[in-house]
Structure formats: structure tokens, C-alpha cells
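Visitor:
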Amino acid sequence: PGTAKTLLVRSFAASLDLDFRRIQFTPDLMPGDVIGTNLFNFATSEFRLSKGPVFTQLLLADEINRTPPKTQSALLQAMQEKEVTIDGETHSLGACFNVVATRNPIEQEGTYPLPEAQLDRFLFELRVTYPDRDTERELVRRHGHGAGRTDLAEHGLIPVAGVEQILQLRRQVTEVTMTEELVDYVVDLIRETRDDPSLVCGASPRAAAMLAGASRAWALLSGRDYVIPDDIKQLAEPVLAHRVVLSPGAEIEGLSATRVIERIVEKVAAPR
Numbered sequence: 003p004g005t006a007k008t009l010l011v012r013s014f015a016a017s018l019d020l021d022f023r024r025i026q027f028t029p030d031l032m033p034g035d036v037i038g039t040n041l042f043n044f045a046t047s048e049f050r051l052s053k054g055p056v057f058t059q060l061l062l063a064d065e066i067n068r069t070p071p072k073t074q075s076a077l078l079q080a081m082q083e084k085e086v087t088i089d090g091e092t093h094s095l096g097a098c099f100n101v102v103a104t105r106n107p108i109e110q111e112g113t114y115p116l117p118e119a120q121l122d123r124f125l126f127e128l129r130v131t132y133p134d135r136d137t138e139r140e141l142v143r144r145h146g147h148g149a150g151r152t153d154l155a156e157h158g159l160i161p162v163a164g165v166e167q168i169l170q171l172r173r174q175v176t177e178v179t180m181t182e183e184l185v186d187y188v189v190d191l192i193r194e195t196r197d198d199p200s201l202v203c204g205a206s207p208r209a210a211a212m213l214a215g216a217s218r219a220w221a222l223l224s225g226r227d228y229v230i231p232d233d234i235k236q237l238a239e240p241v242l243a244h245r246v247v248l249s250p251g252a253e254i255e256g257l258s259a260t261r262v263i264e265r266i267v268e269k270v271a272a273p274r
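Our numbering puts the first residue of the sequence shown at 3, with every later residue one more than the last.
Printed below as a string of C-alpha cells:
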């Protein structure tokens, strides 16, 4: 806590001119509190849709594993299909809908494990660590005045892109070249996670597609219209580590999913 995760997501949404909503997940949160529900209007004798916070463009699911799996699963359809179904009626969330979530260590009291199907829908998992001393000192110097919520506009944050630019970049990503050898490399990495004795559950075909797509996006951000092996290697850990499940023996040995993925990347030969 206290590492500016929410501020980071707010800033990200503001810089892309996206509508932003946040849900604080708690043990008593219900699925209807996330996606919404139909309410009966006695004045008109009709049902009216009361939209939940999921109707946005960038949703922050804060401490997502503080709520039971039934409520966590309310996001499954939204994350995969960018739409939700309420009382048999399907509602679109828009092409730019995305979910960013934070979660607590599973060892903490009052947490629930995330369903594997939901973990598999997150493209990346990134660990937010404490800043170094100089950065923390600068943070205290600038923001140690107790002013509360940070005003992004006051700090000069302005949109640098919008929905049209995002959709255009997505189209450009699909045009980035990935050779057949690199496609084989991605598949070999994924299949190795299923054969590794340290894992009881390897990565899914969805993980393979996401690793390939992320590598194309990384190549585009790097100023290239083609993928190289290092793109895939660099993204393998953040794309795959949260999708695999360690064996009991690996946990006893103190292995982490991150280390297992790193070992697999070292083992599987990359094309030259």
C-alpha cells in the first residue's frame, strides 16, 4: 500500500483522455455492485438499467482478491468480450474498455484466491516495489504537505492521445511482422510451461496469443515494424508468471513463478 498505484492508473487514464472508474473490492461486494442491475420504476411500471462502475473505459479493481470469487467472476465476460449481460440483455462496454487490478499477497488475512480463468485474462502482472531513497525523499519534499488527493490538471497533466489514436495504434500493432520462426518460439515457450516439473498448471493458448500480441506492441513502441527474439524474452515473465501454478515441491524449495519462467526462457532456444 501507499506506492501510488491508484494515482498511476488515474494519470494513465487522464493522459489518454479515457473515462476512469475505481471499485474498492470488499468481502460484502456483490456482482450487481460491479456490473449493475435492473431496477423497477413504480412511476412508469418499467425496469430501468442502473449501470455499475464497469461501464467505463478504464476500470481499476482495487484489492480485487478482497472479495469472494463469485463477485470477482463478474468481470470475466467484461474482460474477455468487452460487454456484460444483465438479466439476459447484453450491453457493450466499448472498444477501449480495459481493467487494471491490484491484489494483496494471498498470505494476508481476508484474501481470496483469484480464479485461474480470471488471472488468464490479465495481459501483464507487474510488481510495484518501494522507490529508492532519493526518489522517496523527492516525493516527501514535493507532496509532504498533507493536501490529500492529487489534482492532475494542477500538475500539468494533459491528454496526449485519445480513443481514435488508441484504435489506430492497435491497427498498427496487427501489421507488425512476426516470422514463422518466432511464432514457433512463442509456442515452444508456452508448451514448455506445461512440461516443467515445477509447475502443475502451465500457460494456456490464450497466453500464447497474448505474448505474441504484446511482443508486437513492444516492437512498435521500440520503433520497429518487426518482432525480434528479445521482445519475446523481455515480456515472457510479466505475461506468463501470473498464469502458471507452482507444484507443492517447488513451493517448498522456495521457487517463484518468476524464477521458473526465467529458467524456461533460458532453456528454450530462440531463433537466430
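By construction, the Cβ of each residue, glycine as well, lies at the ideal position given by its N, Cα and C atoms.
Between which two residues does the alpha helix (DSSP H) carrying G34 extend?
Guide: Its alpha helix (DSSP H) spans residues 33–37.
Visitor: For the alpha helix (DSSP H) that V262 lies in, which residues bound it at each end?
Guide: Segment 259–269, the alpha helix (DSSP H) holding V262.
Visitor: Taking C-beta to C-beta, are L65 and T104 nearer than 7 Å?
Guide: Just to set this straight, residue 65 is Glu in the shown sequence, not Leu. The answer is yes: Cβ separation under 7 Å.
Visitor: Report the partner residues of L62 according to the DSSP bridge assignment.
Guide: Beta-bridge pairing links L62 to R24, V102.
Visitor: With DSSP as the reference, identify every bridge partner of F42, one or two as the case may be.
Guide: Per DSSP, F49.
Visitor: What are the start and end residues of each continuous alpha helix (DSSP H) run of 4 or more residues lying completely inside the segment 90–172, in chain order?
Guide: Those alpha helix (DSSP H) runs which fall completely within the segment 90–172 and span 4+ residues are 118–121, 135–145.
Visitor: Keeping to the same chain, check which residues put their C-beta closer than 8 Å to that of E183; ignore five residues upstream and five downstream.
Guide: Closer than 8 Å at Cβ, skipping near neighbours: P273.
Visitor: With a threshold of 7 Å on Cβ separation, who are the neighbours of Q82 within its own chain once the five nearest residues in sequence on each side are excluded?
Guide: R123.
Visitor: Could you tell me the distance, in whole angstroms, from the CA atom of V229 to the CA atom of V189?
Guide: Whole-angstrom Cα-Cα distance: 15 Å.
Visitor: Can you tell me whether DSSP reads L77 as helix, strand or coil?
Guide: Helix, per DSSP.
Visitor: Near K84, what residues of its chain come up, given a Cβ to Cβ distance below 6 Å and the 5 sequence neighbours on each side ignored?
Guide: L95, F99, listed in sequence order.
Visitor: Does the count of Cβ pairs from the segment 231–246 and the segment 149–163 closer than 8 Å reach three?
Guide: Short answer: they don't touch.
Visitor: Answer yes or no: do L201 and V246 have a C-beta to C-beta separation smaller than 7 Å?
Guide: Taking 7 Å as the Cβ cut-off, L201 and V246 qualify as a contacting pair.
Visitor: Within this structure, are the beta carbons of L31 and T58 separated by less than 7 Å?
Guide: No, the Cβ-Cβ distance between L31 and T58 is not below 7 Å.
Visitor: Go ahead and pull the three-state DSSP assignment for T5.
Guide: The answer is coil: DSSP assigns T5 none of H, G, I, E or B.
Visitor: Kindly indicate the opening and closing residues of the beta strand (DSSP E) around E239.
Guide: Per DSSP, E239 belongs to no beta strand (DSSP E); it is in the alpha helix (DSSP H), 231–242.
Visitor: Using 10 angstroms around the beta-carbon of F44, count the other beta-carbons present and answer buried if the total reaches 16, otherwise exposed.
Guide: So F44 counts as exposed.
Visitor: Rounded to whole angstroms, what's the CA-CA distance from Y275 to K7? Just pull it up for me.
Guide: Given that the chain is displayed from residue 3 to residue 274, the structure contains no residue 275 and the question cannot be resolved.
Visitor: Report the three-state DSSP secondary structure of T195 (helix, strand or coil).
Guide: In the structure shown, T195 sits in a helix (DSSP, three-state: H, G or I).
Visitor: Tell me, please, which residues DSSP counts as bridged to I88.
Guide: Answer by DSSP bridge pairing, in chain order: E91.
Visitor: Taking only the alpha-carbon atoms, compute the straight-line gap between L213 and L116 and give it to the nearest angstrom.
Guide: The alpha-carbon atoms of L213 and L116 are separated by roughly 21 Å.
Visitor: Is there at least one non-hydrogen atom of the ligand ZN closer than 6 Å to the beta-carbon of R143?
Guide: Because no ligand of any kind appears in the structure shown, any question about the ligand ZN cannot be addressed here.
Visitor: Given that a residue counts as buried once 16 or more other Cβ atoms are within 10 Å of its Cβ, and exposed if not, what is Q120?
Guide: Classification for Q120: buried.
Visitor: Quick one: measure Cβ to Cβ for G164 and D19, integer angstroms, because I've assumed they're closer than 8 Å.
Guide: Right, the Cβ-Cβ distance comes to about 4 Å (below 8 Å), so this counts as a contact.
Visitor: Going straight from the alpha carbon of A186 to that of I254, what length do you get?
Guide: Just to set this straight, residue 186 is Asp in the shown sequence, not Ala. Going from the Cα of D186 to the Cα of I254 covers about 33 Å.
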